[in-house]
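**Q**
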Amino acid sequence: MGIVSTPIDAQDEKGTIPTGSKGSTAMPVVVAVPKELAPGEQRVATVPEVVQKLTKSCLEVRVEHDAGTGAYYPDELFTAAGAKIVTSRTDLLDGARIVLRVQPPTVAEVDQLAGGTIVIGFMNATNNLEAVARMRDRRVTAFALELVPRITRAQSMDALSSQATAAGYTAAILGAGNCPKFLPMLTTAAGTIRPATVLILGAGVAGLMAIATAKRLGAIVEAYDVRRAAGEQVRSLGAKFLELEIDAESQGGYARELTPEEKAKEQQMVSTAVARADIVITTAAIPGRKAPLLITRETVATMRLGAVIVDLAAESGGNCELTQAGKTVNVHGITILGPQNLPSRVPFHSSQMYAKNLQSFLALLVDKEGVIAEEFTDEILVASLLVHAGEVLHRPTRELLSGVKP
Ligand code: NAD
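Sequence positions in the sequence shown follow the numbering used here and run 500 to 905.
1) As an exercise, report each continuous alpha helix (DSSP H) stretch of at least 4 residues that is fully enclosed by the stretch 635-688, in chain order.
2) Is T876 close to chain B, meaning its C-beta is less than 7 Å from at least one C-beta of that chain?
3) With distances taken Cα to Cα, identify the nearest neighbour of L673 among L836, A872, G869, I692.
4) Tell me, which residues are paired with L884 by DSSP?
5) Starting from Q836, follow the beta strand (DSSP E) in both directions and report where the run begins and ends.
6) Would you list the one or two residues that DSSP bridges to Y723?
7) When you measure from the CB of G787 to every non-hydrogen atom of the ligand NAD, does any distance come out below 6 Å?
8) Would you call Y668 buried or exposed, if buried means 16 or more other Cβ atoms sit within 10 Å of its Cβ?
9) By DSSP's criteria, N991 is part of a beta bridge. Which residues make up the other side?
10) Per DSSP, what kind of secondary structure is K789 in: helix, strand or coil?
11) Tell me whether the beta-carbon of P698 lies closer than 7 Å to the beta-carbon of V779.
12) Is it right to say V550 is buried, meaning 16 or more other beta carbons lie within 10 angstroms of its own, or is it exposed?
13) Looking only at its own chain, which residues have a Cβ that is under 7 Å from the Cβ of T578, when we skip the five neighbours before and after it?
14) To the nearest whole angstrom, what separates the beta carbons of T474 and V720, a pair I think is in contact under 8 Å?
15) Near G737, what residues of its chain come up, given a Cβ to Cβ distance below 6 Å and the 5 sequence neighbours on each side ignored?
16) Looking at the unbroken alpha helix (DSSP H) that takes in G730, where does it start and where does it end?
17) Nearest to I650 by CA position, among E868, F621, G752, is which residue?
18) Let me know the secondary structure DSSP gives T781 once reduced to three states.
19) Got a sec: does the ligand MG put a non-hydrogen atom nearer than 6 Å to the Cβ of A784?
20) Hey, how far is the Cα of S520 from the Cα of F860?
21) Taking the alpha carbon of L811 as the reference point, which residue from E563, A824, M802, P538 has its own alpha carbon closest?
22) Distance, Cα to Cα, P895 vs A624?
23) Going by the CB atoms, is the gap between A643 and S883 shorter than 7 Å?
24) To the nearest angstrom, how far is it from the Cα of D508 to the Cα of V529?
25) DSSP state of L599, grouped into three classes?
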């Protein structure tokens with residue numbers, strides 16, 4: 500049995516709202532896209548090209564005034580694509596059945612939603628317990644895009660991957676921009692320049708994109724990952740894969756935590772590679788845990804003067820001991836960047852990819868006539884359903900909310 504989609508609560512203070520579900524009159528389902536208010540967030544959850552597709556599927560799309568400005572999608576483009584631009588948040592949400600977001604809603608934003616509203620976006624649930632609890636209590640339905648399973652059928656809605664692609668690309672560009680050297684080999688009248696060496700630690704989606712970008716810039720690229728399967732992908736991009744006699748691939752293709760002996764071996768090999776690199780980009784992550792420490796303070800001291808570390812794991816504790824999240828620090832001539840929200844630095848394309856992910860996701864939820872599924876039976880919907888009908892369905896979040904450690 501699937502999970503039944505509840506219509507908007509007729510007793511809600513906003514009154515009865517057409518649901519668009521079977522049996523209702525021909526009122527289109529309203530999809531609302533608020534302006535993202537999180538500091539530094541430039542992305543928007545939909546783009547004009549996707550609005551055109553959604554309106555063709557019998558949905559009414561409302562976009563909050565200026566929602567796309569930060570990503571260079573002005574209001575006029577949304578209007579031309581068939582969206583209605585709305586100036587107040589109240590008008591945006593009045594009667595809206597679905598809300599598309601990038602960042603999780605704050606408690607105040609949840610309070611603006613009528614019961615039964617379906618919110619879709621990144622929810623970062625275990626770090627946003629208060630907002631999750633408020634969605635539960637207000638009987639808001641929330642789908643978390645980070646919970647979409649990494650199965651082939653869900654690739655088009657894999658927002659973790661699309662945004663990691665943007666992050667990996669931006670990390671390589673940031674590394675090059677902060678490096679005092681050229682990346683490619685140059686043969687000039689003023690002499691020959693040797694290519695720079697870029698080391699990528701963690702060859703998941705972001706790491707592979709960083710490898711591809713650094714290669715295009717002409718650097719010599721080396722990479723390491725605890726999952727041996729990553730080796731083939733690294734080599735196919737023309738980079739050297741650093742081999743260690745460890746394979747730490749576990750469930751779902753993600754990495755497991757290493758044993759103390761494995762960690763020591765890894766540390767030694769990584770330290771040697773770090774010492775010879777001009778740019779190190781670290782992306783190592785273990786879902787739900789603090790990022791593994793790969794570059795110690797002592798290793799930083801062995802690096803070449805002018806070398807750069809771009810630590811993509813800054814937000815989850817950092818892969819380098821000296822990383823400060825959101826800051827750039829210089830320690831003895833080594834520049835260490837701890838950037839946050841890298842996809843937001845290429846907001847035009849990050850938003851475009853994210854919007855397409857959402858469009859694919861919506862196709863599971865709403866049929867071609869604009870009718871919302873009565874039951875959430877699809878395995879992708881089931882896996883990503885965070886809150887529904889007054890219940891938190893994601894176990895680790897539910898356990899944290901009830902004070903039990905997952
Ligand atoms: P992630 O962001 O969770 O982690 C980044 C990388 O860090 C991973 O490759 C991981 O193996 C690596 N890592 C962890 N600990 C490390 C350590 N101590 N040293 C070095 N590297 C370490 O990863 P991700 O980019 O989200 O990808 C996770 C997995 O999901 C991969 O296997 C990827 O191929 C797979 N994936 C599958 C699909 C799909 O089939 N649809 C889509 C995207 C990703």
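By construction, the Cβ of each residue, glycine as well, lies at the ideal position given by its N, Cα and C atoms.
Small disclaimer: the values here were computed from a predicted structure and weren't measured.
**A** In short, the structure shows the following:
1) 658-677
2) Of the protein chains in the structure, only one exists, and it is not chain B.
3) Counted from its first residue, the sequence shown places residue 673 at position 174. Checking every option, the nearest Cα to that of L673 belongs to L836.
4) In the sequence shown, counting from the first residue as 1, residue 884 sits at position 385. Bridge partners of L884: F642.
5) Within the sequence shown, numbered from 1, the residue matching residue 836 stands at position 337. The sequence given here has Leu at residue 836, not Gln. Residues 833-836.
6) Walking along the sequence shown from the start, residue 723 turns up at place 224. Bridge partners of Y723: L700.
7) Against the sequence shown, residue 787 aligns to sequence position 288. Flag unset: Cβ of G787 not near the ligand NAD.
8) For this step, residue 668 is matched to residue 169 along the sequence shown. So Y668 ends up on the buried side.
9) Any property of residue 991 remains undetermined from this structure, which presents the chain solely from 500 to 905.
10) For the purposes of this step, residue 789 is taken as the residue at position 290 of the sequence shown. The answer is coil: DSSP assigns K789 none of H, G, I, E or B.
11) Residue numbering aside, residue 698 sits at position 199 when the sequence shown is read from its first letter. Residue numbering aside, residue 779 sits at position 280 when the sequence shown is read from its first letter. It should be pointed out that residue 698 corresponds to Leu in this sequence rather than to Pro. Yes; because the gap between Cβ atoms is below 7 Å, this pair is in contact.
12) Position 51 of the sequence shown holds residue 550. The residue is buried, with at least 16 neighbouring Cβ atoms inside 10 Å.
13) As a first step, residue 578 is located in the sequence shown; it is residue number 79 there, counting from the start. I584, listed in sequence order.
14) Residue coverage of the chain in this structure runs from 500 to 905, which leaves residue 474 outside it and unanswerable.
15) One-based indexing of the sequence shown puts residue 737 at position 238. The residues are K714.
16) Taking the sequence shown and counting its residues from 1, the one referred to as residue 730 is at position 231. Counting along the chain, the alpha helix (DSSP H) containing G730 begins and ends at 729-735.
17) In the sequence shown, the residue the question calls residue 650 occupies position 151. The shortest C-alpha separation from I650 is found at G752.
18) Counted from its first residue, the sequence shown places residue 781 at position 282. Looking at T781 - three-state DSSP - the assignment turns out to be strand.
19) Absent from the structure shown: the ligand MG. Ligands present: the ligand NAD.
20) The sequence position of residue 520 within the sequence shown is 21, counting from 1. The sequence position of residue 860 within the sequence shown is 361, counting from 1. A caution first: S520 carries a pLDDT of 47, below 50, which makes its placement in the model unreliable, though a value can still be read off. Each residue's alpha carbon lies about 18 Å from the other.
21) As a first step, residue 811 is located in the sequence shown; it is residue number 312 there, counting from the start. Minimum Cα distance to L811 is reached at A824.
22) Residue mapping note: residue 895 aligns to position 396 of the sequence shown, counting from 1. Residue mapping note: residue 624 aligns to position 125 of the sequence shown, counting from 1. For P895 and A624, the distance between alpha carbons rounds to 9 Å.
23) Along the sequence shown, read from residue 1 onward, the residue named residue 883 stands at position 384. Along the sequence shown, read from residue 1 onward, the residue named residue 643 stands at position 144. Yes.
24) As a first step, residue 508 is located in the sequence shown; it is residue number 9 there, counting from the start. As a first step, residue 529 is located in the sequence shown; it is residue number 30 there, counting from the start. Below a pLDDT of 50, predicted positions are generally treated as unreliable, and D508, at 44, falls in that range; the measurement from the model is reported next regardless. Roughly 16 Å separates the two Cα atoms.
25) Start at 1 with the first residue of the sequence shown, and residue 599 comes out as number 100. Reduced to three states, the DSSP call for L599 is strand.
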